[in-house]
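The next block holds one structure in the form of structure tokens; read it before the comments.
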Amino acid sequence: MEMLNRLVLGTTVVLLSLAGCDSDEIGRDELDLVISGSRIMDPESGLDAVMNLGIKEGRIEVITDQDLSGKNFIDGSGLVLAPGFIDLHEHAQSDEGYRLMVRDGVTTALELEVGTRDVSGWYDQRR
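The sequence shown begins at 28 in the working numbering and counts up one residue at a time.
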């Protein structure tokens, strides 16, 4: 019986101390950037939901449906937040084409067909 009383008392102490922790306040003031209310899509985890994202020192620190605050704030309402898209077969190969791809979320564009005849000239154009 004494063992049961200790277990109940220990569990009660742990639960009461956790009740004082508000998970949306953990690390709030330490975040460098908060992007709030955007539709976050992550193909790796299958996440597709409207949530808030916190960034610290250039890395994603937290993704949550709870309110966050930080040094900088972006209202992401109505926007999609996702990892950069990879285009495995593109033909743009021009500054204007690359600008348009970035606007569509493409961060890696590969032309995997034939390349270019003048490889040195192609590199010279981009230096």
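For each residue, glycine too, the CB sits at the ideal point set by N, CA and C.
**Asked** Which value, in whole angstroms, describes the spacing of the CA atoms of A136 and G148?
**Response** 19 Å
**Request:** Excluding the 5 residues preceding and the 5 following I113 in the sequence, name in chain order all residues of the same chain whose CB lies nearer than 6 Å to its CB.
**Result:** T135
**Asked** So, is S65 buried or exposed, given that buried needs 16 or more other C-beta atoms within 10 angstroms?
**Response** buried
**Message:** Runs of 4 residues minimum, wholly inside the region 51–100: which ones carry the alpha helix (DSSP H) assignment?
**Reply:** none
**Prompt:** When you compare only the Cα positions, how much space is there between P110 and R86?
**Reply:** 13 Å
**Prompt:** How do the region 115–131 and the region 76–86 stand: do at least 3 beta-carbon pairs fall below 8 Å, yes or no?
**Reply:** no
**Asked** Going by alpha carbons, who is nearest to K83 out of R154, D92, F100?
**Response** F100
**Request:** Tell me whether D151 sits in a helix, a strand or coil according to DSSP, three-state version.
**Result:** helix
**Sheet register partners of A136 (DSSP bridge)** = D114
**Request:** Could you spell out where the alpha helix (DSSP H) holding R126 opens and where it closes?
**Result:** 122–130
**Item:** Exposure label - L106; buried when at least 16 CB within 10 Å
**Value:** exposed
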